[in-house]
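Data first, discussion second: the structure below is written as structure tokens.
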Amino acid sequence: MAQKPSIPKGTRDFSPLEMARRNYIFDTIKSVFSLYGFQQIETPAMENLSTLMGKYGEEGDKLLFKILNSGDWKAAVTHEALDNATIGALTNKVSEKGLRYDLTVPFARFVVQHREDIQFPFKRYQIQPVWRADRPQKGRYREFYQCDVDVVGTNSLLSEVELIQIVEEVYRRLGIRVSLHINNRKILAGIAEVIGQPERIIDITVAIDKLDKIGIDNVNKELLDKGLPQEAVDALQPILNLSGTNTEKLDQLEQVLAGCEVGLKGIEELRTIFALYAASTQDGNLATYEPSGLQIELDLCLARGLNYYTGAIFEVKALDVQMGSITGGGRYDNLTGIFGMPNVSGVGISFGADRIYDVLSELNLYPENLQSTTQLLFATFGEQELLYALGWAKALREKGVSVEVYPEPTKMKKQMSYADSKKIPFVAIVGGDEMTAGKVMLKNMLSGEQQLVTLEELVQLV
RNA sequence: GUGGUUAUAGCUCAGUUGGCAGAGCAUCGGAUUGUGGUUCCGAGUGUCGUGGGUUCGAGCCCCACUAUCCACCCCA
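Each step along the first sequence adds one to the number in the numbering used here, with nothing skipped, and position 7 is 13.
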């Protein structure tokens with residue numbers, strides 16, 4: 007028991023069944039991405055630490071997996087440094103690479119590095135694992151897959167709308183009922199400005215992000231604990247208590263944020279996004295901005311931690327399962343600026359494949375027939391029959407049929423059990439009589455019926 | 001980083017006041033020497049997470065460690 011091999015905390019093996027289900031998710035997502043003209047890229051698992059550090063805030067830097075330098079990494083560390091240097095400074099000496107933390111920052115690096123070869127607007131998707139040195143728990147892993155779609159090089163809000171449509175279509179195909187929460191960083195900035203605390207935007211958003219979890223009283227308490235003046239907290243109350251339809255909320259907000267340029271800009275952006283989305287749905291109603299397709303909710307409590315977002319931000323939650331967000335993203339106006347390429351706006355979202363997997367599992371929403379790949383198994387009674395089956399198998403494979411030959415002529419019961427456990431729909435039994443007749447006994451594993459058939463008949467039947 | 005949970009057969013878990021180590025599922029064999037899924041019969045498997053302590057005696061009580069899951073922080 008204790009000596010059994012294991013894998014690192016927060017990582018997982020995937021069995022054939024799990025892979026079949028994961029591929030179902032990936033294939034569904036990919037096919038929707040393609041419908042909107044996004045093309046796939048990949049980037050390396052490891053990036054230079056200089057690329058990753060400082061992009062995810064203080065917390066993010068701590069959660070980066072860092073790779074120890076190859077060779078004599080110890081040479082760079084003097085006794086003096088060991089005693090005096092900070093952890094960060096010491097880390098820089100012994101590690102210059104790290105595992106990617108998400109796909110967005112490597113993508114920004116990709117865009118800047120390959121800018122000469124890229125036609126803008128650039129629409130790419132990327133499905134790869136990312137790593138975070140987090141403490142694992144439900145729906146949280148140290149290695150997990152993200153499915154990112156981003157479009158960079160355009161300010162058009164049509165991109166936001168396309169992403170919303172993609173969300174809608176992916177979850178429609180997967181059969182998951184979801185709600186999409188939307189907000190805008192500019193509105194959050196406007197709120198901070200209006201209550202007179204523009205530089206406290208991060209503390210404010212982090213606190214109100216918890217509103218539906220811990221309640222308004224605790225949010226207020228946390229804001230006061232963080233050192234916000236009572237007047238500012240009081241000024242915030244009408245904003246936290248907004249209600250009604252999205253349109254009504256925006257109207258109320260417009261009053262509150264009157265005269266605040268950045269806040270009004272955010273409101274205008276959301277109005278445009280709602281209008282464009284409504285226009286894109288067949289029964290859309292421009293007057294109400296309440297399209298029927300997907301439940302979209304303006305949620306001022308939505309903040310999102312990654313601090314490179316500057317415009318609209320999204321988060322998607324499953325309605326029928328208790329789980330963190332399964333998709334999230336937003337617009338970032340200047341992510342490439344960090345890498346020396348300013349004025350390239352981008353917007354993107356990320357589907358959390360592993361959480362989607364957990365949601366589908368809990369709701370039992372996987373299609374039945376995901377697993378079987380083999381169409382026909384040859385079961386044989388002896389060495390001669392085995393060779394005979396080999397020839398047939400080759401012929402069938404040339405016709406595009408997935409065929410297995412049971413590798414040894416053991417007891418029929420064992421060979422049948424194998425077919426059964428792999429859900430192989432047909433078994434061709436080969437014995438002396440069949441060989442003499444130049445046929446095989448084809449058994450339908452579902453109905454139990456069997457018949458003697460020639461190769462030509464076999465091709466027709468399976 | 002903080003708090004809690006759990007750790008017993010391949011898997012899921014029982015195990016009473018401290019007194020012989022258990023069940024279901026899975027696996028294997030047989031009923032059925034050319035036929036799976038259903039049924040019946042039979043069989044095997046344990047460093048009770050690791051190390052120490054208390055006790056005549058510890059799976060059970062105490063301590064430490066490790067792993068695990070859950071919650072917080074943060075996030076997909």
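We put the CB at the ideal spot given by N, CA and C, even for glycine.
A quick note: this is a predicted structure, and the numbers were derived from the prediction, not measured.
Under the three-state reduction of DSSP, which class applies to residue i: helix, strand or coil?
i: S298; result: With a pLDDT of only 45 at S298, under the threshold of 50, the placement of this residue in the model should not be trusted; the figure read from the coordinates follows. Note: S298 maps to coil in three-state DSSP.
i: S331; result: coil
i: R18; result: coil
i: F126; result: coil
i: L180; result: helix
i: Y412; result: coil
i: K192; result: helix
i: N536; result: Here the chain covers residues 7 to 468 and nothing more, so residue 536 does not appear.
i: F44; result: coil
i: Y314; result: coil
i: S185; result: strand
i: R4; result: An answer regarding residue 4 cannot be provided, because it is not within the stretch 7 to 468 covered by the chain.
i: V433; result: strand
At what residues does the beta strand (DSSP E) containing residue i begin and finish?
i: I210; result: No beta strand (DSSP E) holds I210; the alpha helix (DSSP H) holding it covers I207 to I214.
i: D156; result: E149 to V158
i: K72; result: K72 to L74
i: Q456; result: Q456 to V459
i: L88; result: Not the beta strand (DSSP E): L88 falls in the alpha helix (DSSP H), residues H85 to N90.
i: L448; result: V446 to N450
Taking 6 Å as the limit between beta carbons, can you name the residues of its chain near residue i, skipping five residues before and five after?
i: N313; result: G63
i: Q421; result: A385 and Y412
i: Q301; result: S185
Find the nearest neighbour of residue i within the set the options, judged by alpha-carbon distance.
i: T57; options: E205, L371 and K72; result: K72
i: I279; options: S453, E404, F150 and L169; result: L169
i: P112; options: V173, K144, Q143 and I47; result: I47
i: V465; options: A399, M451, E455 and I435; result: A399
i: K216; options: A318, A284, G196 and D305; result: D305
i: V436; options: L230, F387 and D156; result: F387
i: L163; options: A281, L393 and M329; result: A281
i: D140; options: E462, Y315 and P14; result: P14
i: G336; options: E275, R146 and A82; result: E275
Who are the Cβ neighbours of residue i in its own chain at under 7 Å, not counting the five residues just before and after it?
i: T97; result: K72
i: V468; result: Q381, L382, V407 and F432
i: F44; result: K129, R130, Y131 and V155
Can you name the start and end residues of the alpha helix (DSSP H) that residue i belongs to?
i: M422; result: M418 to S427
i: K227; result: L217 to D231
i: A238; result: Q236 to L246
i: K271; result: E267 to S286
i: T379; result: Element bounds for T379: n/a, residue is neither H nor E.
i: I93; result: I93 to V100
i: I362; result: A359 to L369
i: M441; result: G438 to A443
Inset, instruction - Could you say if the region 375 to 395 and the region 332 to 349 meet the contact criterion of at least three C-beta pairs nearer than 8 Å? - result: The region 375 to 395, when compared against the region 332 to 349, does not touch it at the 8 Å Cβ threshold.
Legend entry - Segment contact, 8 Å Cβ cut-off, at least three pairs: the region 127 to 141 with the region 94 to 111: The region 127 to 141 vs the region 94 to 111: in contact.
Legend entry - contact_flag[the region 240 to 256, the region 193 to 201] where n(CB pairs < 8 Å) is 3 or more: Two segments are said to touch when three or more pairs of C-beta atoms, one from each, lie closer than 8 Å; by this definition the region 240 to 256 touches the region 193 to 201.
Inset, instruction - Could you tell me whether the region 361 to 369 touches the region 27 to 44, where touching means 3 or more Cβ pairs closer than 8 Å? - result: Enough Cβ pairs lie closer than 8 Å, so yes.
Legend entry - Three-pair Cβ contact test at 8 Å for the region 390 to 404 versus the region 432 to 449: Touching, yes.
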